[in-house]
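Asker:
Numbering (our numbering), first residue to last: 9 to 166.
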């Protein structure tokens, strides 16, 4: 299930951000609007402007370019527009201009940090496990060597 917010542009929309953090803004290059399947280029048209402002303070939230990420799910293709860092929960106004037609945008809290942390913790767990197994084998080898010392054999001369 999608955990983000879909909104339609061009125009202005207010979105409630419930948790501070890093978010990814996507545009839907293949989507369904009003029962019609629509496809657009992965890149937004030149001249498209996106402004995000915290309400009521009017504090701008910078949109950082987002590389070339994309995802496809149930016939919808989303392409990264950029990332936003919301320092506090609250009301935010999104203003998107310069699009010649109606499009769907999608905003979701970034998953990269959560996935990266999970992978790193998994790797660290495996590392600790293998270190413990290696240490256990070493200790057992030392115990076995002390219980059954092998006598030195005199060298044979020919």
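Think of the CB as a built atom: it goes at the ideal place given N, C-alpha and C, for glycine as much as any other residue.
Considering Cα atoms alone, identify which of 103, 102, 63 is closest to residue 96.
Answerer: 63
Asker: On the three-state DSSP scale, how would you describe residue 77?
Answerer: Coil at residue 77, not helix or strand.
Asker: Quick one: grab the DSSP three-state call for residue 92.
Answerer: strand
Asker: Tell me where the beta strand (DSSP E) around residue 164 begins and ends.
Answerer: Premise fails: residue 164 is in no beta strand (DSSP E) and is neither H nor E.
Asker: Using three-state DSSP, classify residue 12 as helix, strand or coil.
Answerer: coil
Asker: In chain order, what residues of the same chain lie with their CB nearer than 6 Å to the CB of residue 68, ignoring the 5 residues before and after it?
Answerer: Excluding sequence neighbours, residue 68 sits near 61.
Asker: Unbroken beta strand (DSSP E) runs of length 3 or more, entirely within the stretch 14-81: which are they?
Answerer: 19-25, 29-41, 44-47, 57-63, 78-81
Asker: Would you report the Cα separation of residue 53 and residue 143, rounded to the nearest angstrom?
Answerer: Near 59 Å, if we compare the C-alpha coordinates of residue 143 and residue 53.
Asker: According to the neighbour-count rule (16 or more other Cβ atoms, all chains shown, within 10 Å of its Cβ), is residue 37 buried or exposed?
Answerer: buried
Asker: Which residue comes first and which comes last in the beta strand (DSSP E) that contains residue 98?
Answerer: 98-105
Asker: Taking the beta strand (DSSP E) that residue 116 falls in, what are its first and last residues?
Answerer: 111-117
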